[in-house]
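Numbering (this note's numbering), first residue to last: 8 to 474.
The block underneath contains the structure these notes are about, expressed in structure tokens.
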């Protein structure tokens, strides 16, 4: 069973084949990304598994045993030996029955020789990501009440985010349409990716389009595609995003920005599960899962006629409400530390340290831009702060202006204050200002300070202030 390793280590991949051509090709395409072990026999593999954790194995079922059928039995043994392992198989046979037996035995994917190891690299990367997400999900189920600090790429252990994790796990194995709602910057696309990564379409296309990012005159052709000659600039036939999502997932971000005519066309696609390109005459059947997202009040848009009611009920099958960062107590330090490690590593600088006072300021900020704003800030601090420590002075003015912690530090320095002396200084300053404003007239100055004339005269004598 694979053991957890540091995130910085590379996955361990074993290639098992007696074919002398397989090893060099695998080395060329995979060695830069993975710790690669080129083996020739089943005994070599079992020995390696006992010595170190493996993440994936590619078994040549034609050569690992005497017959391909015996290679299928080897797959079963390996699946029992390491249930969490990613297992690929390869064969020189094109028999469909052999492929079905390999799948039934537990392979994650199947290749027919000659194998294109560039393709193996792509499929392997997806499979490893999916397996990590599955293991995190299983850990959450097994540990029950243990709070997760991260899940499928999302960072946070607050109760509102735990509810999101639960919703993702519930949705992942179904084909149900989901609507992700939340403020801008809360990570709606990240949730969409998590739902897909844990589901049966993980290895299929994930097509994402931000409906607000494209001009009105482009979004229709981007969604539905077009035939050659459909309009002036249509010099060739082009498939749209919906068509490209066939067998996979279509993610429409900011769906509320679609015009009413486009909403009608999208509704027809959802009803018929078919798309007709612009200028085309024949609809094409499309199998896809739809996930949408918005930060708009769709119910208000329904009332004002800016969003179709029938489309609303089509997309709002299972809503997921993403909490704003200010509603996630305790998550800011986790996110800050995560982004610090990420960007310090990316820019190849030593890990920077944040002063406790800085973290306190960051925790109390309202973060109108949510996680995206926090991530951008940490990235900027990593780049711009030259020393190893991030201090209060390095924070932007907007954050300092809104910070109660900063105001407290300015009001009460680290060494404390003499309360009586501070109050006396403030009283004297107000007296001086009021008398200057009124030209030295004590009665008028008393009215400005909302005190009676007798108290005004007393304070002037106390602080030896002349009118």
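All C-beta atoms in this analysis are idealised placements derived from N, C-alpha and C, irrespective of residue type, glycine included.
It should be emphasised that the depicted structure is a prediction, and the values quoted were computed from it without experimental measurement.
Problem - Cβ-Cβ distance between residue 2 and residue 214 below 7 Å - result: Given a span of 8 to 474 for the chain in the structure shown, any question on residue 2 remains unanswerable.
Problem - Whole-Å CB distance - residue 62 paired with residue 135, under 8 Å assumed - result: Here the question's residue 62 lines up with position 55 in the chain shown. Here the question's residue 135 lines up with position 128 in the chain shown. Their Cβ separation, rounded to whole angstroms, is 6 Å, which keeps residue 62 and residue 135 in contact under 8 Å.
Exercise for the section: Could you spell out where the alpha helix (DSSP H) holding residue 275 opens and where it closes? Expected result: As a first step, residue 275 is located in the chain shown; it is residue number 268 there, counting from the start. Where residue 275 is concerned, the enclosing alpha helix (DSSP H) stretches over 267-279.
Practice task
Would you mind sorting residue 176 into buried or exposed? The rule is 16 or more other CB atoms within 10 Å of its CB.
Solution key: Reading the chain shown from its first residue, position 169 is the one you call residue 176. Flag for residue 176 reads buried.
Exercise for the section: Flag this pair as touching only if the stretch 71-83 and the stretch 29-41 have three or more C-beta atom pairs under 8 Å; answer yes or no. Expected result: no
Exercise for the section: Following the continuous beta strand (DSSP E) through residue 51, name the residue where it begins and the one where it ends. Expected result: Position 44 of the chain shown holds residue 51. That residue, residue 51, is in no beta strand (DSSP E); its alpha helix (DSSP H) goes 49-58.
Problem - Burial state of residue 408 (16 or more Cβ within 10 Å) - result: For this step, residue 408 is matched to residue 401 along the chain shown. It is exposed - the Cβ of residue 408 has fewer than 16 other Cβ atoms within 10 Å.
Exercise for the section: Classify residue 231 as buried or exposed, calling it buried when 16 or more other Cβ atoms lie within 10 Å of its own Cβ. Expected result: Locating residue 231 in the chain shown gives position 224, counting from the first residue. Buried, since its Cβ has 16 or more Cβ neighbours within 10 Å.
Handout entry: C-beta atoms of residue 233 and residue 285 nearer than 7 Å
Key = Residue mapping note: residue 233 aligns to position 226 of the chain shown, counting from 1. Residue mapping note: residue 285 aligns to position 278 of the chain shown, counting from 1. Yes, the Cβ-Cβ distance between residue 233 and residue 285 is below 7 Å.
Problem - Proximity winner among 361, 337, 46, relative to residue 348 (alpha-carbon distances) - result: Here residue 348 refers to the residue found at position 341 of the chain shown. Nearest in C-alpha terms to residue 348, of all of 361, 337, 46, is 361.
Handout entry: DSSP-derived helix/strand/coil call for residue 124
Key = As a position in the chain shown, residue 124 is number 117, starting the count at 1. Collapsing the DSSP output to three states places residue 124 in a helix.
Exercise for the section: Quick one: give me the first and last residue of the beta strand (DSSP E) that residue 45 is part of. Expected result: For the purposes of this step, residue 45 is taken as residue 38 along the chain shown, with counting starting at 1. Here the beta strand (DSSP E) through residue 45 covers 42-46.
Exercise for the section: Could you check how far apart the C-beta atoms of residue 189 and residue 302 are, in whole angstroms? I think they sit under 8 Å. Expected result: As a position in the chain shown, residue 189 is number 182, starting the count at 1. As a position in the chain shown, residue 302 is number 295, starting the count at 1. Between residue 302 and residue 189 the Cβ distance is about 6 Å, and since that is below 8 Å, they are a contact.
Handout entry: Secondary structure of residue 284, DSSP reduced to three states
Key = In the chain shown, residue 284 corresponds to position 277, counting from 1. Reduced to three states, the DSSP call for residue 284 is coil.
Problem - Residues near residue 20 by beta carbon distance below 6 Å, same chain, minus five either side - result: The residue labelled residue 20 in the question sits at position 13 within the chain shown. Once the five neighbours on either side are set aside, the close Cβ partners of residue 20 are 41, 43, 63.
Practice task
Just grab the DSSP bridge partners of residue 232 for me.
Solution key: Here the question's residue 232 lines up with position 225 in the chain shown. Per DSSP, 246.
Handout entry: C-beta contact flag for residue 201 and residue 159 at 7 Å
Key = The residue given as residue 201 occupies position 194 in the chain shown. The residue given as residue 159 occupies position 152 in the chain shown. Yes, the Cβ-Cβ distance between residue 201 and residue 159 is below 7 Å.
Problem - DSSP-derived helix/strand/coil call for residue 209 - result: On the chain shown, residue 209 is found 202 positions in, with the first residue counted as 1. Residue 209: coil per DSSP, three-state reduction.
Problem - Bridge partner(s) assigned by DSSP for residue 291 - result: On the chain shown, residue 291 is found 284 positions in, with the first residue counted as 1. Secondary-structure assignment with DSSP links residue 291 through a beta bridge to 282.
Practice task
Provide the residue(s) that pair with residue 405 in DSSP beta bridges, ordered along the chain.
Solution key: Along the chain shown, one-based indexing puts residue 405 at 398. Note: residue 405 sits in no beta bridge, so no partner.
Problem - Backbone CA spacing between residue 8 and residue 89 [nearest angstrom] - result: Stepping through the chain shown from its first residue, residue 8 is reached at position 1. Stepping through the chain shown from its first residue, residue 89 is reached at position 82. The pLDDT assigned to residue 8 is 36, lower than 50, so where the model puts this residue is not dependable, and the model offers no usable value.
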